[in-house]
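Those protein sequences? They're chains A and B, same order as listed.
Add 25 to a position in the first sequence, counting from 1, and you land on the number used in our numbering.
Add 25 to a position in the second sequence, counting from 1, and you land on the number used in our numbering.
Cβ coordinates follow ideal geometry from the N, Cα and C atoms, glycine included.
Being a predicted model, the structure only gives us computed values, none of them experimental.
Protein chains: 2
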Amino acid sequence: MIVIGIDPGLARVGYGVIAVRNRTPEPVCYGCIESGKDQPAATRLLHIYSELTAIIAKYPPAHIAVEKLFFSKNITSAMGVSEARGVILLLAEQQKIPVTEYTPNQVKQAITGSGRADKRQMQEMIKRLLRLEEIPKPDDAADALSIALCHIHILR
Amino acid sequence: MIVIGIDPGLARVGYGVIAVRNRTPEPVCYGCIESGKDQPAATRLLHIYSELTAIIAKYPPAHIAVEKLFFSKNITSAMGVSEARGVILLLAEQQKIPVTEYTPNQVKQAITGSGRADKRQMQEMIKRLLRLEEIPKPDDAADALSIALCHIHILR
């Protein structure tokens, strides 16, 4: 069973593909979809949609997990993130893939047992849970892997 | 030339289709796409995407104009509106239709000459500019018509 975690954003979308074999999560691939600041929002959103479509075709997931914010200090940034999230939710629904949203606190709680874990602690746990040699980079990809791991944890 | 104005939202998307003939704007149709509160966001976004796809197929527009907020008192509501806007911008880009975003103040300025016009004044102007017998209902449809009229005004 494959689960794809997604950390949405207009400038960068982190993704993490995890396979569960014999109840053990194994990293398949992870990375970041970048889109240029000088491009209109519509162009960036289509780029995100096209890249994610390709990833889903290559690694057909049983589930998609997406980060959801409930508040933000920066409304402009929150609106850009939400535009990207809208496109991601649409794509999942079009492909009939069940999609679940988790807040950052839910993800931290599932991975470390505490909703207050800091970034460093989260990254150490992701490295350990996926038996990686290094902390996955960039941060957006690590966040996406943690969202996928959170969903796998909740599924159990 | 056809221009479609769109007032985005997760619960209600207003749309207004205006044809420009001999430099005169003529209303073609307007209305509101509703989606149930009890449905998941992904389902609502696909419903919005499908309905707008049908409207664009029926009245192929030269331009699409979409309302853009720059601030909001209610972050949860702003995030829902932005998710819908992301889907609308994606659809326009997929169909290669130029899309322009306008703030409410820009729309008010274009229609009434003042960025501070109230709802009643806006609706009276829309009725007059489109030579309608009644103020268009619901409000979301009237807003969408005003966004299309704003774009037609800017194009001149």
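- Proximity of glutamate 51 of chain A to chain B, defined by a Cβ-Cβ separation below 9 Å, is not satisfied.
- Contact check between the stretch 53-72 of chain B and the stretch 29-45 of chain B: three or more CB pairs, one atom from each, fall below 8 Å, which counts as touching.
- When DSSP assignments are scanned along the stretch 86-141 of chain B, the uninterrupted stretches of alpha helix (DSSP H) that are 4 or more residues long and fall wholly within it turn out to be 100-119 and 129-137.
- Interface with chain B (9 Å Cβ-Cβ cutoff): isoleucine 58 of chain A is excluded.
- By the 16-neighbour rule on beta-carbons within 10 angstroms, arginine 110 of chain A is buried.
- Ranking A:Ala167, A:Leu94, A:Val42 and A:Ala79 by CA distance to the CA of glutamine 120 of chain A puts A:Ala79 first.
- The closest CA to that of asparagine 130 of chain B, considering only B:Arg181, B:Ser171 and B:Ile160, is found on B:Ser171.
- If the five residues before and after phenylalanine 96 of chain A are omitted, its C-beta is found closer than 7 Å to no C-beta atom of its own chain.
- For glutamate 59 of chain B, the uninterrupted beta strand (DSSP E) run begins and ends at 49-59, by DSSP.
- Chain A has no Cβ within less than 9 Å of the Cβ of alanine 82 of chain B.
- Beta-carbon to beta-carbon, alanine 169 of chain A and isoleucine 31 of chain A are separated by about 6 Å, close enough to satisfy the 8 Å threshold.
- Annotation: the continuous beta strand (DSSP E) that includes isoleucine 27 of chain B extends over 27-32.
- The beta carbon of valine 112 of chain B sits closer than 7 Å to those of Leu70, Ile73 and Tyr74, all from its chain and outside the five residues before and after it, given in chain order.
- For the 9 Å CB-CB criterion, valine 28 of chain B and alanine 117 of chain B do not form a contact.
- Of all alpha-carbon atoms in A:Thr49, A:Val124, A:Val106 and A:Cys175, the one lying nearest the alpha-carbon of glutamine 134 of chain A is that of A:Cys175.
- In the structure shown, arginine 181 of chain B adopts coil according to DSSP, grouped into three states.
- Rounded to the nearest angstrom, the gap between the Cα atoms of histidine 178 of chain A and tyrosine 127 of chain A is 12 Å.
- Of the residues assessed, alanine 166 of chain B falls on the buried side of the cut-off, its CB having 16 or more other CB atoms within 10 angstroms.
- Beta-carbon to beta-carbon, serine 107 of chain B and methionine 104 of chain A are separated by about 4 Å, close enough to satisfy the 8 Å threshold.
- Contact of methionine 150 of chain A with chain B is not assigned, every C-beta pair being separated by 9 Å or more.
- The beta carbon of tyrosine 55 of chain A sits closer than 7 Å to those of Tyr40, Gly41, Val42, Pro161, Ala166, Ala169 and Leu170, all from its chain and outside the five residues before and after it, given in chain order.
- Buried is the label assigned to proline 33 of chain B, since at least 16 other Cβ atoms lie within 10 Å of its Cβ.
- Residue contact check for serine 107 of chain A against chain B: a CB pair falls below 9 Å.
- Taking alanine 173 of chain A as reference, the option from A:Tyr84, A:Leu115 and A:Ile89 with the minimal CA-CA separation is A:Ile89.
- Just measuring C-alpha positions, the residue of B:Ala66, B:Leu77 and B:Glu159 sitting nearest serine 102 of chain B is B:Ala66.
- For the pair threonine 68 of chain A and threonine 125 of chain B, the Cα-to-Cα distance works out to about 12 Å.
- The alpha carbon of leucine 114 of chain A has as its nearest neighbour, out of A:Lys93, A:Val132 and A:Ile100, the alpha carbon of A:Lys93.
- Across the structure, tyrosine 84 of chain B and arginine 181 of chain B are spaced so that their CA atoms are roughly 21 Å apart.
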